[in-house]
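Here the structure comes first, spelled out in structure tokens, and everything after it is commentary.
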Amino acid sequence: MSKNPYITEELEFLAETAEKFAQKYIAPGFLERDQSRVFDRDLVKKMGEMGFIAPELPEQYGGQGMGCLAAGVIHEAIAKADLSFSYINLLASLNGQILAEHGKPEVVEPWLNKLTAGEAIFSIALTEPRGGSDAANLRLKIEREGDEYVINGEKTSISAADQADASVVFGRTGSIEDGAHGVSALLVPMNLPGITTTRFECHGQRAIGRGSIFFDNVRVPVSHLLGDENKGFVQVMQGFDFSRALIGLQVLAVARVSLDEAWEYAVQREAFGKPLSAFQGVSHPLADYETQIEAARLLCLQTLWLKDNHLPHTAEAGMCKWWGPKLAYDVIHQCLLTFGHAGYDRGVMEQRLRDVLGFQIGDGTAQIMKTIIARHKAGRKAVPA
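For the sequence shown, UniProt numbering gives the first residue as 1, with consecutive numbering after it.
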């Protein structure tokens with residue numbers, strides 16, 4: 001019997017299978033991918049063949065119909081091996097849900113089957129140069145001309161910008177004054193004429209990468225609309241509750257493996273004739289974080305459980321997203337210090353620290369998450385911004 005109320009025996013077996021796969025195939029290339037900044041597409045396909053990409057999607061779309069907790073335990077296993085690689089799972093689950101819920105089946109079905117098979121990588125193009133957190137104040141123009149939408153503008157700081165085969169693009173179909181209620185979402189194949197991309201020199205998450213996407217009179221069939229025109233932002237953004245819980249599990253998995261390694265090192269390493277773990281200055285900070293990681297992970301699993309049971313989980317998702325990345329960074333920082341100079345060298349601990357830091361910025365800052373939580377407690381009128 002599982003020792004966790006959210007993890008059934010079936011999910012426990014799934015997690016073990018994913019972990020064996022990740023340690024065998026993904027972990028060995030962890031440091032190398034950070035240097036080369038190249039993804040092995042064959043490895044992504046292998047992950048798809050195992051059913052590890054968006055298992056929560058219905059079977060007609062190539063998924064397993066398994067629920068969001070299944071996605072969560074797989075996500076942990078892949079992230080433990082390489083956080084940057086686990087972005088494949090994150091982007092697939094976020095975009096897969098958006099397409100399945102808001103797209104026309106005949107348009108999205110072939111894309112979703114490629115996505116779950118590991119034959120396509122998706123990006124989500126929301127952030128613009130004018131600002132990230134003010135996501136409803138978009139300027140990218142989407143204008144209708146007959147049976148097509150014409151896209152003009154720029155998206156920036158987009159994960160997998162130059163690697164994605166397709167993107168969910170948010171842009172303005174209404175007026176600026178309409179705010180969030182004038183925004184639509186489109187499924188855009190990235191090989192269309194008029195699309196160019198750049199790649200940034202990022203601090204971490206370098207294998208998946210971030211960059212800008214430029215749209216110059218890009219034409220997309222009207223059938224590629226996701227949700228209703230002018231309502232895309234309001235409808236589609238609900239999917240971010242799912243990804244925020246996944247991000248919590250993703251970064252905490254990296255913190256978990258770092259902490260396990262720090263304990264092992266503290267027991268083996270000696271100073272003044274004793275193991276390092278004998279000194280409370282070493283063992284107590286690790287014990288402190290041991291407690292917090294357990295609690296934060298339970299919160300993330302509960303959020304996915306709430307989603308699987310069709311219960312409200314927006315505030316909980318906000319908690320996962322601000323607490324998880326900050327806690328993970330603090331934990332890995334402490335583990336690095338436990339290893340001393342061995343941790344400071346370019347290597348596993350140093351790269352993990354760089355990788356998790358990005359999640360304190362992307363996909364919603366701590367300040368935005370706390371505003372969402374406050375609105376759920378006090379009401380939107382009492383917390384306008």
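Yeah, the Cβ is synthetic: ideal placement off N, Cα and C, and Gly gets one too.
### Query
Residues in its own chain within less than 7 Å of Ile373 by CB, not counting five upstream and five downstream?
Within the sequence shown, numbered from 1, the residue matching residue 373 stands at position 373. Same-chain partners within the cutoff: Ala315, Gly318 and Met319.
### Task
Identify whether Glu229 lies in helix, strand or coil by the three-state DSSP scheme.
In the sequence shown, counting from the first residue as 1, residue 229 sits at position 229. DSSP places Glu229 in coil when its eight states are reduced to three.
### Message
Quick check: what's the CA-CA separation for Phe52 versus Thr8?
### Response
Start at 1 with the first residue of the sequence shown, and residue 52 comes out as number 52. Start at 1 with the first residue of the sequence shown, and residue 8 comes out as number 8. Phe52 and Thr8: Cα-Cα distance of roughly 17 Å.
### Task
Identify the continuous alpha helix (DSSP H) that holds Ala81 and give its terminal residues.
Here residue 81 corresponds to residue number 81 of the sequence shown, with the count starting at 1. Element bounds for Ala81: Cys68 to Ala81.
### Task
Within 10 angstroms of the Cβ of Thr338, are there 16 or more other Cβ atoms? Answer buried if so, exposed if not.
To locate residue 338, count along the sequence shown from 1; it is residue 338. Buried is the call here.
### Task
Mind listing, in chain order, the continuous beta strand (DSSP E) runs of no fewer than 3 residues lying wholly within the UniProt domain "Acyl-CoA oxidase/dehydrogenase middle" (124 to 218)?
141 to 145, 148 to 159, 166 to 172, 183 to 189 and 195 to 199
### Message
Going by DSSP in three states, Phe122 sits in which element: helix, strand or coil?
### Response
As a first step, residue 122 must be located in the sequence shown, where it is residue number 122. Correct three-state label for Phe122: strand.
### Query
How many Å lie between Val267 and Ser283 at the Cα?
In the sequence shown, counting from the first residue as 1, residue 267 sits at position 267. In the sequence shown, counting from the first residue as 1, residue 283 sits at position 283. Looking at the two C-alpha atoms, the distance is approximately 10 Å.
### Task
Kindly list the residues whose CB is nearer than 7 Å to the CB of Ser93, restricted to its own chain and excluding five residues on each side of it in sequence; keep chain order.
Locating residue 93 in the sequence shown gives position 93, where the first residue counts as 1. Excluding positions up to five away in sequence, the list reads Ala54, Glu56, Ala71, Phe242, Ser243 and Leu246.
### Residue nearest to Ala164 in terms of C-alpha spacing, selected from Met66, Met50, Leu311 and Lys114
Looking up residue 164 in the sequence shown gives position 164. It is Lys114 whose Cα lies nearest to the Cα of Ala164.
### Query
Identify the residues that DSSP records as bridge partners of residue 390: which are they?
Residue numbering for the chain in the displayed model covers 1 to 385; residue 390 lies beyond these limits and cannot be assessed.
### Task
Look at the alpha carbon of Ser167 and the alpha carbon of Tyr289, and state the distance between them as a whole number of angstroms.
Against the sequence shown, residue 167 aligns to sequence position 167. Against the sequence shown, residue 289 aligns to sequence position 289. One C-alpha to the other measures close to 37 Å.
### Task
Could you tell me the boundaries of the alpha helix (DSSP H) in which Arg380 lies?
Position 380 of the sequence shown, counted from the first residue, corresponds to residue 380. It is not in any alpha helix (DSSP H) - Arg380 carries neither H nor E in the DSSP assignment.
### Proximal residues to Asp363 (C-beta, below 8 Å), its chain only, five neighbours per side dropped
In the sequence shown, the residue the question calls residue 363 occupies position 363. Counting only Cβ-Cβ distances below 8 Å, and skipping sequence neighbours, we find Phe240, Ser243, Arg244, Ile247 and Lys321.
### Query
Is Ala100 near the ligand FMN, with its Cβ less than 8 Å from a heavy atom?
No copy of the ligand FMN appears in this structure; indeed no ligand is present at all.
### Beta-carbon gap between Thr127 and Gly211 smaller than 9 Å
Within the sequence shown, the letter at position 127 stands for residue 127. Within the sequence shown, the letter at position 211 stands for residue 211. Cβ distance not < 9 Å, so Thr127 and Gly211 don't count as in contact.
### Query
Which term fits Glu201, buried or exposed, when burial requires 16 or more other beta carbons within 10 angstroms of its beta carbon?
Locating residue 201 in the sequence shown gives position 201, where the first residue counts as 1. When all chains shown are included, Glu201 counts as exposed.
### Query
Taking the DSSP output, what are the residues bridged to Pro221?
Here residue 221 refers to the residue found at position 221 of the sequence shown. Note: Pro221 sits in a beta bridge opposite Glu148.
### Query
Which first and last residues belong to the alpha helix (DSSP H) in which Lys307 is found?
Within the sequence shown, the letter at position 307 stands for residue 307. Run containing Lys307: Gln280 to Asp308, per the alpha helix (DSSP H) assignment.
### With 16 other Cβ atoms within 10 Å as the buried cut-off, status of Leu192
Here residue 192 refers to the residue found at position 192 when the sequence shown is read from its first residue. Exposed, because fewer than 16 other Cβ atoms sit within 10 Å of the Cβ of Leu192.
### Query
For Ile78 versus Phe85, is the C-beta spacing smaller than 9 Å?
Locating residue 78 in the sequence shown gives position 78, where the first residue counts as 1. Locating residue 85 in the sequence shown gives position 85, where the first residue counts as 1. In this structure, Phe85 lies closer than 9 Å to Ile78 by Cβ.
### Task
Following the continuous alpha helix (DSSP H) through Thr17, name the residue where it begins and the one where it ends.
Here residue 17 refers to the residue found at position 17 when the sequence shown is read from its first residue. Looking at the DSSP string, the run of the alpha helix (DSSP H) that includes Thr17 is Glu9 to Phe21.
### Message
Just to confirm my understanding: we take Cys68, look at its own chain, exclude 5 residues before and 5 after, and list those with CB closer than 7 Å. What are they?
### Response
The sequence position of residue 68 within the sequence shown is 68, counting from 1. Glu56, Phe242, Leu304, Lys307 and Asp308.
### Message
I need the boundaries of the alpha helix (DSSP H) containing Glu59, first residue and last residue.
### Response
Taking the first residue of the sequence shown as 1, we reach residue 59 at position 59. That residue, Glu59, is in no alpha helix (DSSP H); it is neither H nor E in DSSP.
### Query
Cβ atoms of Phe214 and Thr197: under 9 Å apart, would you say?
What you label residue 197 is simply residue 197 of the sequence shown in a count that begins at 1. What you label residue 214 is simply residue 214 of the sequence shown in a count that begins at 1. Yes, these two residues count as a Cβ contact at 9 Å.
### Task
Compute the Euclidean distance between the alpha carbons of Glu261 and Arg352, then round it to the nearest angstrom.
Residue numbering aside, residue 261 sits at position 261 when the sequence shown is read from its first letter. Residue numbering aside, residue 352 sits at position 352 when the sequence shown is read from its first letter. Near 13 Å, if we compare the C-alpha coordinates of Arg352 and Glu261.
### Task
State buried or exposed for Ala120, treating a residue as buried only when at least 16 other CB atoms are found within 10 Å of its CB.
Walking along the sequence shown from the start, residue 120 turns up at place 120. So Ala120 counts as buried.
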